[in-house]
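Trainee: Following this message is one structure expressed as structure tokens.
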Amino acid sequence: MTRVLVLNCGSSSVKYRLLDVPPGGVDEVEPVVVASGTVERIGEDVPDAPRDHAEALAGAMAGLPLDGLTAVGHRVVHGGLTFTAPALIDDTVIGAIRELVPLAPLHNPANLAGIEVARELLPGVPQVAVFDTAFHRTLSRAASTYAINVETAERYGIHRYGFHGTSHAIVSRRTAALLERPLAEVNTITLHLGNGASACAVEGGRSVATSMGLSPLEGLVMGTRSGDLDPAIIFHLHRVAGMPIEEIDELLNRRSGLLGLAGVNDMRGLLARRAAGDRAAALAFEIYCRRIRSYVGAYYAELGRLDAITFTAGVGENAPAVRAAALAGLDRLGIEVDPARNDTPDRGARVISPPGTPVAVCVVPTDEEWEIAGQTLGVVGRAAS
716 MTRVLVLNCG SSSVKYRLLD VPPGGVDEVE PVVVASGTVE RIGEDVPDAP
766 RDHAEALAGA MAGLPLDGLT AVGHRVVHGG LTFTAPALID DTVIGAIREL
816 VPLAPLHNPA NLAGIEVARE LLPGVPQVAV FDTAFHRTLS RAASTYAINV
866 ETAERYGIHR YGFHGTSHAI VSRRTAALLE RPLAEVNTIT LHLGNGASAC
916 AVEGGRSVAT SMGLSPLEGL VMGTRSGDLD PAIIFHLHRV AGMPIEEIDE
966 LLNRRSGLLG LAGVNDMRGL LARRAAGDRA AALAFEIYCR RIRSYVGAYY
1016 AELGRLDAIT FTAGVGENAP AVRAAALAGL DRLGIEVDPA RNDTPDRGAR
1066 VISPPGTPVA VCVVPTDEEW EIAGQTLGVV GRAAS
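Count along the sequence shown starting at 1, add 715, and that's the number in this note's numbering.
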């Protein structure tokens, strides 16, 4: 067994998972979870809350069996155009991640804090940064360039970066394995639907289009984020309503999406309200699914040939009503959901379309920590060879 610690440090939380990877690697075996947990409310003025990430990580690691630890893998949200693959962490890499803070001011500073603390606590263990954006560096210039002034875009790093890359990567591979076909031959639309949500067109294992852009705000309707909207709304709120930019940022990122439409950001709560006849919940559900359907149609056209549509993450894996409604009316495109297969209590990787349908509709559980562990071991192995 090879032992890997995966760390995901947010602004006020630390998620960790300690994994043993058997011989054969992450694509050949099921995860072996030694320990996992979350430390929350870091820095908050509440009893027993850790003062900072150093205290939080030290407390978490104190109870972990870290003997024989091979590597530490860190989730880093934004790699910009600098990082096209995971990177073995040194002072140069840390400096480059710090330079990208303006692109992810809420995420990269917390990711850096985790890296710096883990290096102090585990000085002899190789550490690897795995970037959410790296999977999407295969986007063409036409797919990643916004139609604004070129000089302005280059000066300020305005570019479609995309996110949820570790999820889209592992889910597209697992979809090909489920269909028993080589990854290079399979075109898939992966739908990562959680509190954050994104769509990705994956052509033979390569990302060719994705719904999130400069930030995780663009694209699908999410728990608290608006997703796509007319940029003039921002100017309108600033000029006409007198809202400062910081308040608009808060509105679009934390008070919009399902929460803004229906007062609840959790899909389970929304479905319960919809079933009880709540009109706002019913409308929010329709808007949510309609946006997904629009992206499926656009990415089908982008790919030209589509083999599979795969739902993943909390909503994608556990909400049959969303899966059915999001793909309703697409049967002429060879896309159908079988009601019995869709409603099964099974939680493993499965096909939920009728037998013989041209496009397989699948549900495949994601495991971003497992993907980070695999990428981390790949970097450490190459560095040692």
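We put the beta carbon where it would ideally sit given N, CA and C, even for glycine.
The model shown is predicted, which means the values in this text are computed figures rather than measured ones.
#1: State the DSSP-derived secondary structure class of Arg696, mapped to helix, strand or coil.
#2: Rounded to whole angstroms, what's the CA-CA distance from Leu828 to Ile1024? Just pull it up for me.
#3: So is Pro801 buried or exposed if we call it buried at 16+ other beta carbons inside 10 Å?
#4: Whose C-beta lies closer than 7 Å to the C-beta of Ala999 among residues of the same chain, with five residues either side of it excluded?
#5: Please go through the stretch 968 to 1010 and give each complete alpha helix (DSSP H) segment of 4 or more residues, from N-terminal end onward.
#6: Is the distance from the Cβ of Ala916 to the Cβ of Tyr1014 below 8 Å?
#7: Could you compute how far the alpha carbon of Ala1040 sits from the alpha carbon of Leu906?
#8: Which value, in whole angstroms, describes the spacing of the CA atoms of Leu818 and His793?
#9: Hey, could you find the ends of the alpha helix (DSSP H) Arg1097 is sitting in?
#10: Evaluate His874 with the Cβ neighbour count: other Cβ atoms within 10 Å of its Cβ, from every protein chain shown; 16 or more gives buried, anything less gives exposed.
#11: Beta-carbon within less than 8 Å of Ala899's beta-carbon, same chain only, minus the 5 sequence neighbours each way: which residues are those?
#12: Since Leu836 and Asn823 should fall inside the 8 Å C-beta cutoff, what is the C-beta to C-beta distance between them, to a whole number of angstroms?
#13: Does the stretch 853 to 861 touch the stretch 803 to 812, meaning 3 or more C-beta pairs lie closer than 8 Å?
#14: Could you name each continuous beta strand (DSSP E) segment of 3 residues or more that falls completely within the stretch 1007 to 1059, going from the start of the chain to the end?
#15: By Cβ distance, which residues of its chain are closer than 8 Å to Leu1045, with the 5 residues on each side in sequence left out?
#16: To the nearest angstrom, report how far apart Ser922 and Leu1018 are at their CA atoms.
#17: Is the stretch 959 to 973 in contact with the stretch 932 to 948, if contact means three or more CB pairs nearer than 8 Å?
#18: Please name the residue in Val886, Met716, Ala771, Pro746 whose C-alpha comes closest to that of Leu722.
#19: According to DSSP, what are the bridge partners of Thr717?
#20: Among all the DSSP beta bridges, which residues are the ones paired with Asn902?
#21: From this set, Pro1080, Ser1100, Val1095, which residue's C-alpha is nearest Pro746's C-alpha?
#22: Output the distance between the C-alpha atoms of Gln1090 and Ile948, rounded to the nearest integer angstrom.
#23: Go to Gly774, then tell me how far its alpha helix (DSSP H) extends in each direction, as first and last residue.
#24: In chain order, what residues of the same chain lie with their CB nearer than 6 Å to the CB of Arg718, ignoring the 5 residues before and after it?
#25: Give every residue of the same chain whose Cβ lies closer than 7 Å to the Cβ of Asp1053, excluding the five residues on either side of it in the sequence, and list them in chain order.
Mentor: In brief:
#1: Residue numbering for the chain in the displayed model covers 716 to 1100; residue 696 lies beyond these limits and cannot be assessed.
#2: On the sequence shown, position 113 is the one that residue 828 refers to. On the sequence shown, position 309 is the one that residue 1024 refers to. At residue 828 the sequence reads Ala, which differs from the Leu that was named. Distance between the alpha carbons of Ala828 and Ile1024: 37 Å.
#3: Working through the sequence shown from its first residue, we reach residue 801 at position 86. Its Cβ being crowded by 16 or more others within 10 Å, Pro801 is buried.
#4: Counting from one through the sequence shown, the residue named residue 999 turns up at place 284. By the criterion of a C-beta distance shorter than 7 Å, Ala999 is surrounded in its chain by Leu973, Leu976, Ala977, Leu985, once the five residues flanking it on both sides are discounted.
#5: The qualifying runs are 972 to 977, 982 to 990.
#6: Residue 916 sits at position 201 when you count from the first residue of the sequence shown. Residue 1014 sits at position 299 when you count from the first residue of the sequence shown. Yes, Cβ-Cβ distance for Ala916 and Tyr1014 is below 8 Å.
#7: Here residue 1040 corresponds to residue number 325 of the sequence shown, with the count starting at 1. Here residue 906 corresponds to residue number 191 of the sequence shown, with the count starting at 1. In this structure, the straight-line span from the alpha carbon of Ala1040 to that of Leu906 is close to 14 Å.
#8: Here residue 818 refers to the residue found at position 103 of the sequence shown. Here residue 793 refers to the residue found at position 78 of the sequence shown. Distance between the alpha carbons of Leu818 and His793: 7 Å.
#9: Counting from 1 along the sequence shown, the entry for residue 1097 is found at position 382. In the DSSP assignment, Arg1097 falls within the unbroken alpha helix (DSSP H) covering 1083 to 1099.
#10: Working through the sequence shown from its first residue, we reach residue 874 at position 159. His874 should be labelled buried.
#11: As a position in the sequence shown, residue 899 is number 184, starting the count at 1. Within the same chain, Ala899 has close Cβ partners Gly919, Gly920.
#12: Sequence index remark: in the sequence shown, residue 836 carries index 121 (1-based). Sequence index remark: in the sequence shown, residue 823 carries index 108 (1-based). Distance from Leu836 to Asn823 at the Cβ level is roughly 20 Å; contact not present, criterion being Cβ atoms closer than 8 Å.
#13: Taking one beta carbon from each stretch, the stretch 803 to 812 and the stretch 853 to 861 have fewer than 3 pairs nearer than 8 Å; the two do not touch.
#14: For the stretch 1007 to 1059, whole beta strand (DSSP E) runs of length 3 or above, ordered along the chain, are 1023 to 1027.
#15: If you number the sequence shown from 1, residue 1045 lands on position 330. Same-chain partners within the cutoff: Arg1008, Val1011, Gly1012, Glu1051.
#16: Residue 922 sits at position 207 when you count from the first residue of the sequence shown. Residue 1018 sits at position 303 when you count from the first residue of the sequence shown. As the crow flies, the alpha-carbon of Ser922 is around 10 Å from that of Leu1018.
#17: With the cut-off at 8 Å, the stretch 959 to 973 and the stretch 932 to 948 touch.
#18: In the sequence shown, residue 722 corresponds to position 7, counting from 1. Checked all of Val886, Met716, Ala771, Pro746; the closest Cα to Leu722 is Ala771.
#19: Reading the sequence shown from its first residue, position 2 is the one you call residue 717. Its beta-bridge partners are Val736.
#20: Looking up residue 902 in the sequence shown gives position 187. Looking at the DSSP output, Asn902 sits in a beta bridge with Glu918.
#21: Stepping through the sequence shown from its first residue, residue 746 is reached at position 31. With distances taken between Cα atoms, Pro746 lies closest to Pro1080.
#22: By one-based count along the sequence shown, residue 1090 stands at place 375. By one-based count along the sequence shown, residue 948 stands at place 233. So the two alpha carbons sit approximately 40 Å from each other.
#23: For the purposes of this step, residue 774 is taken as the residue at position 59 of the sequence shown. It spans 768 to 777 - the alpha helix (DSSP H) in which Gly774 sits, taken as one unbroken run.
#24: Counted from its first residue, the sequence shown places residue 718 at position 3. Asp735, Gly783, Leu784, Thr785, listed in sequence order.
#25: For this step, residue 1053 is matched to residue 338 along the sequence shown. Answer for Asp1053: Ile1067, Ser1068, Pro1069, listed in chain order.
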